[in-house]
Structure formats: C-alpha cells, structure tokens
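See below for the structure under consideration.
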Amino acid sequence: MVPFKRILVPVDGSRYSLDAVCLASRMARFHDSELMILHVVDESLLDQLARFAEKNREAVRDELRKSARGFLEDMQRQASQESVSSEILIKEGVPHEIILREAAAWGADLIVMGKLGRRGVAKILLGSVAERVIEFSDIPVLVVK
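For the sequence shown, the positions run 1 to 145 when the UniProt record's numbering is used.
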C-alpha cells in the first residue's frame, strides 16, 4: 500500500464530517501523514442567509466563520486524541471547487470526506459536494458512510 503523506478532510460540522475526521486521523497516525481539516463557507448561501436573518452579508459571514472555527477546533482536538497534529483552514467559495483547489495547492494525496452534509434540499437540487469532488478529483477520494 502506498502511504498517504498529506490527507485533506473537508468538513461541514455534521456527524458525517466528524466520522471522516476520526478515520482520517487514524490513517494519518498509521501513515505518519500530515492532516488538514478544511471548511468552505458556501458563498452562494451568504445572501440567502442574510435575507432570512435580516442581517448584512458581512455579519452572516462573520457568524459562519466563527461557528466554523468552533467545530474545526473540536475536530482538531479529535485528531489530537489520535496523536495526530493537524492544521485547520476556512475558505469561502463554491465548496467542491475550493476543496479541489486547496487539495492541489497543499499537495494532498488523499481526500477523506463524509457522505452527507447539512445542505438538505439544496443537495438534491445541486448535487452533493462529495459527488462533485469524486467526479473532478485527480487524487483518491475516500467517502465515509
């Protein structure tokens, strides 16, 4: 088996994301790999959320980033329980595009992600982020059920 040296784990704060972090952490420990935990703030949802919450776009962005920082730090602690150090990163944009761009920029050789996210009906209409990452990725993608 070829060892994976850089494992990227895109997360959305869901239980499925936590499962992906747990598995990726065990793999990182086994392969002595670097681990990056990434969250993408979906910019297409910012305006919709701002209108719904009756707040400006910047306020919604700040709240989403603060929330993401909280669950990313929780997931980073989970990785450290496996004796794996990890980096966390928050980006904005189209999730599958940012995931693929960051994987390439960081030199990831594996993406580990959860099967389902928290997008509900939007996922059905737009297709899942995981499906798009699988379709367009040049590196292996492991989807955790």
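Using N, Cα and C, we set each Cβ at its ideal position, and we do this for glycine too. Owing to the predicted nature of the structure, the values given are computational and were not obtained by experimental measurement.
If you measure between the beta carbons of residue i and residue j, is that distance less than 7 Å?
i, j, result
"residue 153", "Ser-86", "The structure shown does not extend to residue 153, since the chain is modelled only from 1 to 145, so the question has no answer here."
"Val-129", "Pro-95", "yes"
"Gln-76", "Ile-90", "no"
"Ala-79", "His-39", "no"
Bridge partners of residue i, per DSSP?
i, result
"Val-94", "According to DSSP, Val-94 bridges with nothing at all."
"Val-87", "Looking at the sequence shown, residue 87 is not Val but Glu. The partner list for Glu-87 (beta bridge, DSSP) reads Met-36."
"residue 166", "Summary: the structure shown does not reach residue 166, with the chain confined to residues 1 through 145, and so no result is reported for it."
"Ile-7", "Leu-35, Leu-110"
In its own chain, which residues sit with a C-beta less than 7 Å from the C-beta of residue i, not counting the 5 before and 5 after it?
i, result
"Ile-139", "Ala-103, Ala-108, Asp-109, Leu-110, Ile-111"
"Ala-53", "Val-60"
"Glu-82", "Ser-25, Arg-26, Arg-29"
"Cys-22", "Gln-78"
Report buried or exposed for residue i, applying the criterion of at least 16 other Cβ atoms within 10 angstroms of its Cβ.
i, result
"Gly-114", "buried"
"Ile-124", "Annotation note: pLDDT 46 at Ile-124 (below 50); position unreliable, no value reported."
"Asp-12", "buried"
"Asp-74", "exposed"
"Ser-25", "buried"
"Ala-105", "exposed"
"Val-121", "Its pLDDT being 48, under 50, Val-121 is placed unreliably by the model, and nothing is read from it."
Which same chain residues, not among the five before or five after residue i, have their C-beta less than 8 Å away from its C-beta?
i, result
"Ser-137", "Leu-100, Ala-103, Ile-111"
"Pro-3", "His-31, Asp-32, Ser-33"
Under 6 Å Cβ to Cβ from residue i, same chain only, skipping five residues before and after it: list those, please.
i, result
"Ala-20", "Val-9, Val-112, Met-113, Gly-114, Val-144"
"Leu-49", "Val-60"
"Val-41", "Leu-64, Glu-92"
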